[in-house]
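Just below is one structure, and these are the notes that go with it.
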Amino acid sequence: LLETGAAVNQARNTGVTPLSMASQQGHLEIVRLLCVAGAAVGQFMDGGVTPLLVACLQGRVEITQLLLEASASVNQAKENGATPLCIACYKGQVECVRLLCDAGAAVDQARND
């Protein structure tokens, strides 16, 4: 599909993109292909959720690393102020927490709810 010019950032009515779906499902090679094809790593879904937030929520360590390497914003928060670090801590995703901290995540950024 990418070779025929498929729109890599085309979102469903809920804002779900191919990148966010692949991040959630743990499809590392698809995430890699989409990033190379220019997928917007910071594109929001409903509620301000990004592919990085989804990867951290699911504990997808390799995908988290790949998205950070593709310049995903380490401190980009959901509408309620929850950052990828907040989500990873809440879910006990230790390796994701380590990656986010190494990438410069703000450890004192508060939620707003």
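To convert, note that position 60 of the sequence shown is 60 in the UniProt record's numbering; the numbers rise steadily by one, no gaps. C-beta: ideal position from N, C-alpha, C; glycine also. For clarity, every value in this text was computed on a predicted model and none was experimentally measured.
Reduced DSSP category for residue i - H, G, I as helix; E, B as strand; rest coil
i, result
"methionine 45", "coil"
"aspartate 108", "coil"
"glutamate 69", "helix"
"glutamine 93", "coil"
"glutamate 79", "coil"
"valine 16", "coil"
"arginine 32", "helix"
"threonine 64", "helix"
"valine 54", "helix"
"glutamine 10", "coil"
Environment of residue i [buried if 16+ CB atoms lie within 10 Å]
i, result
"serine 71", "exposed"
"threonine 50", "buried"
"glutamine 24", "buried"
"valine 8", "buried"
"valine 36", "exposed"
"valine 107", "exposed"
"threonine 14", "exposed"
Residue i CB to nearest heavy atom of the ligand ATP below 7 Å
i, result
"glutamate 29", "As far as ligands go, the structure on display features none, and thus does not contain the ligand ATP."
Contact under 8 Å by Cβ, residue i with residue j
i, j, result
"arginine 111", "asparagine 80", "yes"
"leucine 28", "leucine 66", "yes"
"valine 74", "alanine 105", "yes"
"alanine 40", "valine 31", "no"
"leucine 100", "alanine 82", "no"
"leucine 34", "leucine 19", "yes"
Whole-number beta carbon distance between residue j and residue i, since they are thought to touch under 8 Å
i, j, result
"leucine 85", "valine 97", "7 Å"
"glycine 42", "glutamine 10", "Going by Cβ atoms, the distance from glycine 42 to glutamine 10 rounds to 16 Å, so no, they are not a contact pair."
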